[in-house]
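Student: One structure is given below, represented as C-alpha cells, and several questions about it will come after.
Chains as they are written, first to last, in the working numbering: chain A, 8 to 382; chain B, 8 to 382.
Spelled out as C-alpha cells, the structure:
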C-alpha cells in the first residue's frame, strides 16, 4: 500500500513475492512486525533470517475503543524503537513497520471494513492513522494475507507459488497466494473462506449466511459444541478447545472419548468440504493451516484430508499438500503474524530497489539502492 | 501453450490479456476458432472485431472414438482453409487456430485428463496431435477458459480484470480470470466450480463427491428432475430443459406451474450457494454465465442472485455484477467457444509482437512485427 512512482513507458517491472523471496535473506536489514489480535497485540524486531529480537506482548483491550487500541499499537512500536537490536539505529535502519490486522480490509482505501472481534472498527482508516503517527514507512494487510506472506518468505510455503492459507482461530480466515503473489481480489476481500457454506440448512449467522464452516471448525464454533458437551456430562472439565484436545489425547481412557472424537471428526469433515470447494476452484499446490486450533492437528486433520481427497478430484490430480505451519513451533510466542508483518516490509524494500535498478538502467542513471543497516 | 523464447535478463515483459485486449481490434487479422462439444463441433474464421465468416457445424460422433473425432476436427479446419474470407490467403494470413476443448486439461502437459462426455479421452495428448496434423500455430485450452477469454476480448466482460466465468450446459464448467489473465491453477485445473458441494448429504457422484452443484443446476441435473416430473404427471410433455422453460413461461396458465417454478428456484438456490462460496474466496468484480441453460435466465437468475447476496457479504461489499453472456445473442450459432478459440490466437499474436518490440528495444535492433493480412 506504499506509494510507488513508476515510469509508465516501461513494461511491468513488478516482481512477484515468489521472485523476491530468495533475495530476502541476502539483505542485511531489520523491520518491525506487529500482529493485532482480539486478546493481545504482539510486536518484535525481525531480521531477514526471520529471527525475532525482543518480542513484546501487550493486552489489546478492545473495549477501550478503536482510538485507544490504535494508540497502544503506536506505543508498542515506539517501545520497540527504544530497544533496538545491537548496532541498529532505529530511526535510520528500520525499513518500516508491517501490521497484521484481523478482519475485512478494503485495501485500496486502507480501511478496516469490519472486524468480528473489534465491533467499533467499521470503515476505520487504520493505514492513514498509523502513517500519520509513526515516523517509519507503514504497511498494513489483513492477518491472513500477512501470515501467508510470512509462510512464503520464512515458513513451510517457501517452495510454492500457488497456495491457500487458512487460519484456525476464534474465527476462520484465509488468504489466496496465486502466481507468486497474494491475490487480493477486486477490493481486497479475497480469501474469506471461513464463510464458505458447508451446510446450507445450518445455523443462521450475523453475516446473513447459514451453515458456514466457521460454525463447525473455529474456536467459537467449538465453544458452542463444548457447551453442549458440558450440559450433557456435568462432570466434564472442558472450558475451551485446549481442554477438549486434552480429553482427546486421553483416548479410550476417557469414558466419553467417542463423543470427543466425533467433535473433531465433524470439525475435520466441515474443513474437508471447505477445502474441496477451494481446491476445485483454485487448483493450488498446497494448503497451509495456522492459528491456535492447529494445536489439535492430530485430532482433526486425518478426517479433513480424507474428505478433501474424496470430494475433490482436483486434489487427487494435482497431488495437493495439506500442511500445518512450522513457524511458532519452537516458541510460546506466536510468530507468524509478527514475521508476516515484517515480511511485508522486506518484500516492499526489495521491490522498490528492484524497480529503481531497472528504471535507472532504462534512463541510464546509476541505481540508487535503499540503505540497509549493517549489523 | 505455444513455445516462447524470452531473454532471461529482461524483467517480466508478459502483458496480461486485460492489457492486450484494447489492441485486438486495431490488428487487421483473421484466426480460426473451433469449439468442440459433445453433440457438435463448430468452427469459423473470426476477425479482430469478433465477426464470424462462414461458420461450420458438424456432428462430433463421440462414439466413433477419439482418433476419429480428432481427425474430424482437423478436417473441419481444412474445410475452413478452403473457403477463407475474401482477400485472405489462408496459408499466409491466418494467425492460427484456437480450440475450445471440454473437460479437464493438464495444460502443462497438453493433455485432456478426462472429459465427462468423451469417455475415451483419458490422458489424450490433444495439443501435440493437432499440432502435428495442422500447418497453422495451434492453441488449446478448455472450453470455459476459452469462453472467458472470448467474453473479455469481445463480450460482456470487457470492463473487468477479475471475474469468474461459468458455463451452464450438460455439465457446469468454470474459469477464473484474475488480475487480467486466466488463472489456470497449479496444473491447469482451476475453475472446476461445477463440483462445488452445495448439499454435503446429497446424491453420490462418479467423481467421489456428493451433492455438487452440477446435480441440481446443470442440463443433466435438470434431466433427472424432469424424469421425476414426468413420472408424476404423465400428461406433461417435457423432454428437456427447453420444454421445462416453455412450461415456466406459461406461468399460472399451466396447472402445475408451482412445481416448475420450484425446479428453477432450486436451481437458482444451488447456483447461489456455489456463487457465494466462489465470491467469498475470490472477491471478483463480476460473474458471467454462458451455455445453453442461460436460455432460462429469467426463470432461475432472480433466486440465484438473492441467495448469493444473502450468503456472501463480500458480494454485498464489492458490488458484484452477475451477468449473462451477450455473445451468441444475435445468432443461432453458439459463438462464445469459436470467438474464444480465436481470441486465444489474437492474444498470443499481440503478446509475441509486444515481446519482440521490447526485446528489440533492449538489444537495439528494430522490431520485427508479425505480418498480418490486409483485407
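Glycine included, every Cβ here is placed at the ideal spot set by N, Cα and C.
1. When you compare the CB of residue 284 of chain B with every CB in chain A, is at least one pair closer than 8 Å?
2. For residue 63 of chain A, which residues from the same chain have a beta carbon less than 8 Å from its beta carbon, with the 5 sequence-adjacent residues on both sides left out?
3. Judging by CA-CA distance, which residue of B:233, B:182 and B:39 is the nearest neighbour of residue 141 of chain B?
4. Let's test the definition: count the other Cβ atoms within 10 Å of the Cβ of residue 159 of chain B and tell me whether it reaches 16, buried, or not, exposed.
5. So with Cβ pairs under 8 Å, would you call residue 134 of chain A a contact of chain B?
6. Is DSSP giving residue 108 of chain A helix, strand or coil here?
7. Please compile the residues from chain A whose C-beta is within a distance smaller than 8 Å of the C-beta of residue 112 of chain B.
8. Within the same chain, show all residues whose beta-carbon is closer than 7 Å to that of residue 197 of chain A, passing over the 5 residues directly before and after it, in chain order.
9. In chain order, what residues of the same chain have a beta carbon less than 8 Å from the beta carbon of residue 290 of chain B, not counting five sequence neighbours either side?
10. Where does residue 113 of chain A fall in DSSP's three states?
11. Just to confirm, are residue 36 of chain B and residue 109 of chain B a CB contact at a threshold of 8 Å?
12. Is residue 212 of chain B helix, strand or coil by DSSP?
13. Going by C-alpha to C-alpha distance, which of B:166, B:228, B:329 and B:244 sits closest to residue 176 of chain B?
14. Take the Cβ of residue 216 of chain A as the centre, count every other Cβ of all protein chains shown within 10 Å, and call the residue buried at 16 or more, exposed below.
15. Tell me which same chain residues have a C-beta within less than 6 Å of the C-beta of residue 138 of chain A, skipping the five on either side of it?
16. Under 7 Å, CB to CB, which of the residues in the stretch 273-302 of chain A have a partner in chain B?
17. Whole angstroms is fine: what's the gap from residue 348 of chain A's alpha carbon to residue 204 of chain A's?
18. What is the DSSP secondary structure of residue 361 of chain B, counted as helix, strand or coil?
19. Around the Cβ of residue 318 of chain B, are there at least 16 other Cβ atoms within 10 angstroms (buried) or fewer (exposed)?
20. State the CB to CB distance for the pair residue 27 of chain A and residue 351 of chain A, rounded to an integer number of angstroms; the pair is presumed to be in contact (CB under 8 Å).
21. Which first and last residues belong to the beta strand (DSSP E) in which residue 184 of chain A is found?
22. With respect to the alpha helix (DSSP H) encompassing residue 315 of chain A, which residues constitute its N-terminal and C-terminal limits?
23. Just curious, the alpha helix (DSSP H) that residue 271 of chain A is in, first and last residue?
24. Hey, does residue 194 of chain A have any beta-carbon neighbour from chain B nearer than 8 Å?
25. In chain order, what residues of the same chain lie with their CB nearer than 6 Å to the CB of residue 185 of chain B, ignoring the 5 residues before and after it?
26. If you scan the stretch 9-76 of chain A from start to end, which runs of the beta strand (DSSP E) of 3 or more residues do you find wholly inside it?
27. So, helix, strand or coil for residue 78 of chain A, using DSSP?
28. Are residue 331 of chain A and residue 164 of chain A closer than 8 Å when you measure CB to CB?
29. Measuring only the C-alpha atoms, how far is residue 283 of chain B from residue 97 of chain B?
30. On a CA-only basis, which of A:223, A:306, A:213 and A:156 is nearest residue 126 of chain A? Give me that one, please.
31. Checking the sheet assignment: what are the DSSP bridge partners for residue 328 of chain B?
32. Can you look up residue 345 of chain A in the DSSP assignment and give me helix, strand or coil?
33. At what residue ranges does the stretch 112-164 of chain A contain a whole run of the alpha helix (DSSP H), taking only runs of 4 or more?
34. Can you give me the Cβ contacts of residue 23 of chain A inside the same chain, cut-off strictly under 6 Å, excluding the 5 residues immediately before and after it?
35. Flag residue 45 of chain A as yes if its beta-carbon sits less than 8 Å from any beta-carbon of chain B, otherwise no.
36. Using a Cβ cut-off of 9 Å, which residues of the stretch 173-190 of chain A contact any Cβ in chain B, in chain order?
Tutor: Result, derived from the coordinates:
1. yes
2. 49, 50, 51, 83, 86 and 87
3. B:39
4. buried
5. no
6. strand
7. Ordered by position in chain A, no residue passes the 8 Å Cβ test against residue 112 of chain B, which lies about 11 Å from the chain.
8. 183, 190 and 191
9. 169, 321 and 325
10. strand
11. no
12. coil
13. B:228
14. buried
15. 145
16. 280, 283, 284, 285, 287, 288, 289, 290, 291 and 292
17. 30 Å
18. helix
19. buried
20. Not a contact, Cβ separation roughly 12 Å.
21. 179-185
22. 304-318
23. 264-289
24. yes
25. 169
26. 37-43, 47-54 and 59-66
27. helix
28. no
29. 46 Å
30. A:213
31. B:293
32. helix
33. 133-140 and 150-161
34. 187 and 188
35. no
36. 181, 183, 185, 186, 188 and 190
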